[in-house]
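Chemist: What follows is a structure written as C-alpha cells; I'll ask about it next.
Chains as they are written, first to last, in my numbering: chain A, 1 to 258; chain B, 1001 to 1402.
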C-alpha cells in the first residue's frame, strides 16, 4: 500500500526550478534513500512534503489525502515527522523538553487547564516524561539520560542528532524524514546511527523512512530503494546496486563524459 | 534519577532535619523582608547607597558559597508551601509597619501593580520572545475602560474590572492579529507604533478627556464600606491606602499563581518552543499563530487587571501615565530580573520600583541612577538577577505526586 505519493510536484524560486515535476511514492514499511549531488533539491523536496514550502504545482497524497498547501503543523498532525540538515533544536531548552515538545500532536491542552487544573496538567506531563524516558532508553543510551536536564546547546554533535531523532519519534509518526542524519558523525557514530535506524524499524515495522544521506554505507546498509535527484529532477529509482551501475547516476555524481 | 535523600546519602551528607529547613526559610525570608522594609524607611540617602552595595556583595558571596546556596534552594524546594505561607504572613504586616507613613504604603502598592504588569509582559517577552513595547497601552486600556464606565455609568468597581479584563484581552488579540506576520525587530517596531498611537489617541479624543484625563474616579466599595475610609484591624487604625494594599496583594498573589501554572504547563513549553525556533516548532505540530495570540491576550489581561486598580486608587488618570517610557521601564524590569523566570521578574519589578523612589532626592539625576543600575547588572549578570532555569520534572515523575 502506498503511504506517500507525489504527483508532478514542482517549486520555482524566481526563475529557478528547485524541484521539477517529481513523481515519487513510498510503500508502507519501506526505507527509501534519497541521494544526489549538492543542490539537487533533496532538502527542498523534504520542505515541500512537510509544508514549509508550498508547491507551485502538483499534489502530495499522504494516506490517500491531498496535503499539498496545508500549513506545516497540520501536516505534522497527520503523522509526518522530520529532522533537519543543520540541526534545529530548541537550543536553550533541555533535551527532555525538546522531546516533550515532539509529543505535541497527541496533547490536548488549553490555557485554562494550564492555569487552574494543575493536577490534570501535571498528570499528563508525568506520563509524557515516562515516555521520553523510554525513548531515550531505546535509542540514545544511558549517557543521554544522565544529561537530559542539560541545555541541548551543551550536548555533543552526535547527542544533538540523537535528541532530534528522538523528538521526531516522539510524535509517533507514520512517515519519518531524516535529513543527513550522519553529517558530522565519525565512522563509529555512523554505525551506531545505522543500528538506531534498524531499531526504529524493529519497534514499529509499519513506519516509513525517507533518508537523505551522502554516506553511501548508510544507504547501502539500510535502504531497500534509492531515488536519485539531479537538478531538481528524479533521474533514477530502484535498488542501490542498480543505481551504482546506472550511467546517468554516475554522470550526475562525477560529471558527464566530455 | 535519584531523589534528594538518596543523593545526600551518596554524597555522605546527613539529610537535614525538618526543623532546619523551616528555620532556613524563616531566616532567609525575614532577612529579605527586613532588608526591603529598612530600605524603604531609611531617610538618609548615604545609608541607602551603602545598603544597596552591601546587599549586592552579600548576594555575590552567597552565590559563590555553593554549600549555603544549595541548602537554601533545597529548603525552599522541599517546603515550598510553608515558604509561601510565611512570606504572605510577612506581607500582611506591611500596613501596620507603615501606618504613620502612607507614602511608603503608596510605593508598596505601585510595586504590586508594576509586578502584575511585569508578570504579564514576561509571558510575551520572556516566554514567547515577543519584544512588546506596547504594554503600557494594555495597562492604559484597562485603566481607561474602568474609569470611563465608572464615571459615566456609575458602575461598581467589581463590574468595571471585569469589563477592563475583557477589553484588554480584545485589545491584546487585536495587536496580536495585526502583528502575527512580524517577528523579532519588526515586531518590536510595530508595537512601538501601537504604543505611540494609543498615547496620541487618548490624548486627543474627546470622550477620554484629552490631555486633562479623567478625574473623580470613585473609590471601590464593598457594600457600604468604601475603600476611601481608613481600615481598622485589631483595634489599629490604618490609612486608607491599606485597603488598596491588601487588594493589590491578593491580585499579585493570584497573578503569580496563574503565571506559575502557565509556566509549568504545556502552554509555557509551547511558548518557549516558539521563542527558540519557529520553523522547528511548526514541524512539531505547534500552531504558531494560536500560541502567539494566546500569549498576546493573556499577557494583556495582566495589564488590564492592574489598570483599574491604579485608576481607582489614584482616582485620576491622564495620558501621561501610559506613555512609551512606562513600556520601556517594564521591559527593563523583565530583562533585569531574568527573562522567563518568575522569581526573577518579581525581584526585578520590586527593585526597579523602589530604587528610583528612594533616590528622588537627586531630582533630575534620578533617571541616571536607573541607567547605572541597568548597565551594572547587565555587565555583571547578563542574564538578569535570576537567569531562566531548566524545567525540572523530578517531583512530577518520581516524587510522591498526587
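Don't be surprised by glycine CBs; every beta carbon is placed ideally from N, CA and C.
Can you find the residues in the same chain that come closer than 8 Å, C-beta to C-beta, to residue 325 of chain A, ignoring five residues on each side of it along the sequence?
Modeler: Only positions 1 to 258 of chain A appear in this structure, which leaves residue 325 of chain A out of reach.
Chemist: Nearest-angstrom Cα distance between residue 1335 of chain B and residue 34 of chain A?
Modeler: Looking up residue 1335 of chain B in the second chain gives position 335. Looking up residue 34 of chain A in the first chain gives position 34. For residue 1335 of chain B and residue 34 of chain A, the distance between alpha carbons rounds to 46 Å.
Chemist: Could you check where the beta strand (DSSP E) with residue 1280 of chain B kicks off and where it finishes?
Modeler: Here the question's residue 1280 of chain B lines up with position 280 in the second chain. Looking at the DSSP string, residue 1280 of chain B is not in any beta strand (DSSP E); the run it does join, the alpha helix (DSSP H), is 1278–1282.
Chemist: Classify residue 13 of chain A as buried or exposed, calling it buried when 16 or more other Cβ atoms lie within 10 Å of its own Cβ.
Modeler: Within the first chain, numbered from 1, the residue matching residue 13 of chain A stands at position 13. The residue in question, residue 13 of chain A, is exposed, as its Cβ has fewer than 16 Cβ neighbours within 10 Å.
Chemist: Does the separation of the CB atoms of residue 1157 of chain B and residue 1308 of chain B fall below 9 Å?
Modeler: Within the second chain, residue 1157 of chain B is the residue found at index 157, counting from 1. Within the second chain, residue 1308 of chain B is the residue found at index 308, counting from 1. It is a contact, given that the beta carbons lie within the stated cut-off.
Chemist: Residue 1282 of chain B touches chain A at which residues, Cβ-Cβ below 7 Å?
Modeler: Sequence index remark: in the second chain, residue 1282 of chain B carries index 282 (1-based). Residues of chain A passing the Cβ test: 72, 73.
Chemist: Please identify the residue among B/1274, B/1027, B/1098, B/1252 whose C-alpha is closest to the C-alpha of residue 1038 of chain B.
Modeler: Residue numbering aside, residue 1038 of chain B sits at position 38 when the second chain is read from its first letter. Ranking the options by Cα distance to residue 1038 of chain B, first place goes to B/1098.
Chemist: In chain B, what lies closer than 8 Å to residue 121 of chain A by C-beta?
Modeler: The sequence position of residue 121 of chain A within the first chain is 121, counting from 1. Those are 1261, 1264, 1265, 1266, listed as they occur along chain B.
Chemist: Any C-beta of chain B sitting closer than 9 Å to the C-beta of residue 107 of chain A?
Modeler: The sequence position of residue 107 of chain A within the first chain is 107, counting from 1. With 9 Å as the cut-off, residue 107 of chain A counts as an interface residue toward chain B.
Chemist: Got a sec? Which residues, its chain only, sit under 7 Å from residue 17 of chain A by beta carbon, not counting five neighbours each side?
Modeler: Here the question's residue 17 of chain A lines up with position 17 in the first chain. Closer than 7 Å at the Cβ level, and outside the excluded window around residue 17 of chain A, lie 10, 232.
Chemist: Taking the alpha carbon of residue 1050 of chain B as the reference point, which residue from B/1162, B/1358, B/1284 has its own alpha carbon closest?
Modeler: Translated into the one-based positions of the second chain, residue 1050 of chain B becomes position 50. Residue 1050 of chain B has its Cα closest to that of B/1358, out of B/1162, B/1358, B/1284.
Chemist: Taking the alpha carbon of residue 1269 of chain B as the point to measure from, which residue in B/1123, B/1018, B/1033 has its own alpha carbon closest?
Modeler: By one-based count along the second chain, residue 1269 of chain B stands at place 269. Ranking the options by Cα distance to residue 1269 of chain B, first place goes to B/1123.
Chemist: Can you confirm whether the stretch 1310–1319 of chain B touches the stretch 113–127 of chain A when touching is taken to mean that 3 or more C-beta pairs between the two stretches lie within less than 8 Å?
Modeler: Touching, no.
Chemist: Within 10 Å of its beta-carbon, does residue 76 of chain A have 16 or more other beta-carbons around it, so buried, or fewer, so exposed?
Modeler: As a working mapping, residue 76 of chain A is identified with position 76 in the first chain. Buried: at least 16 other Cβ atoms inside 10 Å.
Chemist: For residue 1384 of chain B, which residues in chain A fall below 8 Å Cβ to Cβ?
Modeler: As a first step, residue 1384 of chain B must be located in the second chain, where it is residue number 384. Here the premise fails: no neighbours, minimum Cβ distance about 14 Å.
Chemist: For residue 1077 of chain B and chain A, any beta-carbon pair shorter than 9 Å?
Modeler: Locating residue 1077 of chain B in the second chain gives position 77, counting from the first residue. Not one chain A Cβ lies under 9 Å of residue 1077 of chain B.
Chemist: Kindly say whether residue 1124 of chain B, judged by its beta-carbon, lies nearer than 9 Å to any beta-carbon of chain A.
Modeler: Within the second chain, the letter at position 124 stands for residue 1124 of chain B. Judged by the 9 Å Cβ criterion, residue 1124 of chain B is not in contact with chain A.
Chemist: Return no unless some Cβ of chain B is closer than 9 Å to the Cβ of residue 137 of chain A.
Modeler: The residue given as residue 137 of chain A occupies position 137 in the first chain. Closer than 9 Å: no.
Chemist: Which residues mark the beginning and the end of the alpha helix (DSSP H) in which residue 76 of chain A is found?
Modeler: As a working mapping, residue 76 of chain A is identified with position 76 in the first chain. Here the alpha helix (DSSP H) through residue 76 of chain A covers 72–78.
Chemist: Buried or exposed, going by whether 16 or more other CB atoms sit within 10 Å of the CB of residue 1114 of chain B?
Modeler: Mapped onto the second chain, residue 1114 of chain B falls at position 114. Buried.
Chemist: Would you call the stretch 1275–1282 of chain B in contact with the stretch 1136–1145 of chain B, where contact means no fewer than 3 C-beta pairs closer than 8 Å?
Modeler: Touching, no.
Chemist: Taking a Cβ distance cut-off of 7 Å, strictly less, list which residues of the stretch 1275–1305 of chain B are near chain A, in chain order.
Modeler: Cβ contacts with chain A: 1276, 1277, 1279, 1280, 1282, 1283, 1284, 1285, 1286, 1287, 1294, 1298.
Chemist: Quick check on the DSSP output: the beta strand (DSSP E) that includes residue 5 of chain A runs from which residue to which?
Modeler: Stepping through the first chain from its first residue, residue 5 of chain A is reached at position 5. Residue 5 of chain A -> beta strand (DSSP E) spans 2–13.
Chemist: What does the Cβ neighbour count give for residue 1132 of chain B, buried or exposed, with the cut at 16 atoms within 10 Å?
Modeler: Along the second chain, one-based indexing puts residue 1132 of chain B at 132. Under this definition residue 1132 of chain B is a buried residue.
Chemist: Is the Cβ of residue 1413 of chain B closer than 9 Å to any Cβ of chain A?
Modeler: Chain B is shown from 1001 up to 1402; residue 1413 of chain B falls before or after that span and cannot be answered.
Chemist: Using the Cβ count rule (16 or more neighbours within 10 Å means buried), how would you classify residue 105 of chain A?
Modeler: Counting from 1 along the first chain, the entry for residue 105 of chain A is found at position 105. Residue 105 of chain A should be labelled buried.
Chemist: Give every residue of the same chain whose Cβ lies closer than 6 Å to the Cβ of residue 1052 of chain B, excluding the five residues on either side of it in the sequence, and list them in chain order.
Modeler: Numbered from its first residue, the second chain carries residue 1052 of chain B at position 52. So the list is empty, once near-sequence residues are dropped.
Chemist: Short of 8 Å in beta carbon distance, which residues of its chain neighbour residue 1374 of chain B, apart from the five on each side in sequence? Order them along the chain.
Modeler: As a working note, residue 1374 of chain B is residue 374 in the second chain. Closer than 8 Å at the Cβ level, and outside the excluded window around residue 1374 of chain B, lie 1332, 1336.
Chemist: Against residue 1345 of chain B, what residues of chain A qualify as contacts under a CB-to-CB distance less than 8 Å, listed in chain order?
Modeler: Taking the second chain and counting its residues from 1, one reaches residue 1345 of chain B at position 345. Ordered by position in chain A, no residue passes the 8 Å Cβ test against residue 1345 of chain B, which lies about 17 Å from the chain.
Chemist: Under 9 Å, do residue 1087 of chain B and residue 1029 of chain B count as touching if we go by C-beta distance?
Modeler: Counting from one through the second chain, the residue named residue 1087 of chain B turns up at place 87. Counting from one through the second chain, the residue named residue 1029 of chain B turns up at place 29. Contact: yes.
Chemist: Decide if residue 1400 of chain B is buried, meaning its Cβ has at least 16 other Cβ atoms within 10 Å, or exposed.
Modeler: As a working note, residue 1400 of chain B is residue 400 in the second chain. Because the pLDDT of residue 1400 of chain B is 35, which lies under 50, any placement of that residue in the model is unreliable, and the number read from its coordinates should be weighed accordingly. Residue 1400 of chain B is exposed by the Cβ-count criterion.
Chemist: Whole angstroms is fine: what's the gap from residue 1092 of chain B's alpha carbon to residue 82 of chain A's?
Modeler: In the second chain, the residue the question calls residue 1092 of chain B occupies position 92. In the first chain, the residue the question calls residue 82 of chain A occupies position 82. Cα to Cα, residue 1092 of chain B sits roughly 53 Å from residue 82 of chain A.
Chemist: Please list the terminal residues of the continuous beta strand (DSSP E) segment that includes residue 1231 of chain B.
Modeler: Position 231 of the second chain holds residue 1231 of chain B. Taken as a continuous stretch (DSSP letters only), the beta strand (DSSP E) holding residue 1231 of chain B covers 1231–1233.
Chemist: Using a Cβ-Cβ cut-off of less than 9 Å, give me the residues of the stretch 140–152 of chain A that come near chain B, in sequence order.
Modeler: Correct list: 145, 149, 150, 151.
Chemist: Using a 10 Å radius around the Cβ and a threshold of 16 neighbouring Cβ atoms, would you call residue 942 of chain B buried or exposed?
Modeler: Lying outside 1001 to 1402, the shown extent of chain B, residue 942 of chain B is not represented and no answer is given.
Chemist: Which chain A residues sit within Cβ distance under 7 Å of residue 1390 of chain B?
Modeler: Working through the second chain from its first residue, we reach residue 1390 of chain B at position 390. What residue 1390 of chain B touches in chain A: 94, 149, 151.
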